[in-house]
Amino acid sequence: MSDIVNKKRADDVDRFVGEKIRERRIMLGLTQQELAKGIGVTYQQAHKYEQGVNRVSAGRLFEIARMLNTPVEFFFDGVGGETQRETNPRERMGLELSRHFSMIRNEKYQEAISSLARALADEK
Numbered sequence: 001m002s003d004i005v006n007k008k009r010a011d012d013v014d015r016f017v018g019e020k021i022r023e024r025r026i027m028l029g030l031t032q033q034e035l036a037k038g039i040g041v042t043y044q045q046a047h048k049y050e051q052g053v054n055r056v057s058a059g060r061l062f063e064i065a066r067m068l069n070t071p072v073e074f075f076f077d078g079v080g081g082e083t084q085r086e087t088n089p090r091e092r093m094g095l096e097l098s099r100h101f102s103m104i105r106n107e108k109y110q111e112a113i114s115s116l117a118r119a120l121a122d123e124k
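Numbering-wise, the UniProt record's numbering puts 101 at position 101 of the sequence shown, and it's gapless, one number per residue.
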C-alpha cells in the first residue's frame, strides 16, 4: 500500500511541475513549439511535460529553467500544499515586460527596446 501512495505522490508532483512549466511559459508569451525548440525536444514532448504525462529529468528541468529564465526552485514553489512565494512588484513588472517584448515581431523594434534597456541600466 505504501508503494501506491508514493507513486501517486510522485505523479502529483510531476503534474504540479508540468503546470508550473506551462504557467511560466505563458507568462513569457512563448508557445509550446518555441519552448520545445529551445530545449531541443518535439512539441509533443513539451506538451507531455506540461501535462505531467512524462516525467521531466533533472537535466531537462535545468534546461527548461534556463529557457524560461527562472530558477529551478520555481517549479517546486507550492508543491505539497506549501505556500507559494509571492512575486514582488519588480519581478511582476519584469515578467510583463518580457511577455510583451516576446510579442513584438519586428526585430528592429526589439533591438531598439533592448538598446534602450541597456542604456537605462548603465545610467548612473
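In this text, a Cβ means the ideal position worked out from N, Cα and C, and glycines have one as well.
So the candidates are the options; which of them puts its Cα closest to the Cα of residue i?
i	options	result
A46	G59, I64, M93 and R92	I64
G38	M93, E107 and L68	L68
A58	T42, K48 and F75	F75
T70	R24, G18 and M93	R24
Put residue i into one of helix, strand or coil per three-state DSSP.
i	result
I104	coil
E91	helix
E123	coil
A112	helix
Is there a C-beta anywhere in chain D that falls below 8 Å from the one on residue i?
i	result
M103	Included in the structure is just one protein chain, with no chain D present.
Discussion item. So within the segment 11-83, which uninterrupted alpha helix (DSSP H) runs reach at least 4 residues, ignoring any that extend past its ends?
Written reply: Within the segment 11-83, complete alpha helix (DSSP H) segments of at least 4 residues are found at 32-39, 43-51 and 58-67, given in chain order.
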